[in-house]
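**Q** Pasting a structure here, questions to come.
In structure tokens, the structure reads:
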């Protein structure tokens with residue numbers, strides 16, 4: 001599986017509860033915090049829900 005790096009680039013203030021929950025479930029805490037995750041269908045679906053708040057990069 002490929003790994004991806006997910007970085008929170010916009011604040012979660014003003015987002016609805018489901019988006020905030022998704023951000024927390026991914027392990028993102030503050031703006032500009034990053035996590036590395038396996039690119040599973042579940043993770044990619046979570047990223048798609050909050051794509052306007054995050055930046056995604058492939059890690060080699």
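In UniProt numbering, the protein residues as written are 1 to 60.
Here a beta-carbon is modelled for each residue, glycine too, at the ideal position from N, C-alpha and C.
Would you check if the distance between the CB atom of residue 4 and the CB atom of residue 54 is smaller than 7 Å?
**A** Looking up residue 4 in the chain shown gives position 4. Looking up residue 54 in the chain shown gives position 54. No, the Cβ-Cβ distance between residue 4 and residue 54 is not below 7 Å.
**Q** I'd like to confirm the pairing. Which residues does DSSP put opposite residue 4 in its beta bridges?
**A** On the chain shown, position 4 is the one that residue 4 refers to. Answer is 37, 58, bridged to residue 4.
**Q** For residue 1, tell me which candidate among 21, 31, 36 has the shortest Cα-Cα distance.
**A** Translated into the one-based positions of the chain shown, residue 1 becomes position 1. Nearest of 21, 31, 36 to residue 1, Cα basis: 36.
**Q** Rounded to the nearest angstrom, what separates residue 130 and residue 32 at their Cα positions?
**A** Given that the chain is displayed from residue 1 to residue 60, the structure contains no residue 130 and the question cannot be resolved.
**Q** Helix, strand or coil, according to DSSP, for residue 31 in the structure here?
**A** Mapped onto the chain shown, residue 31 falls at position 31. The answer is coil: DSSP assigns residue 31 none of H, G, I, E or B.
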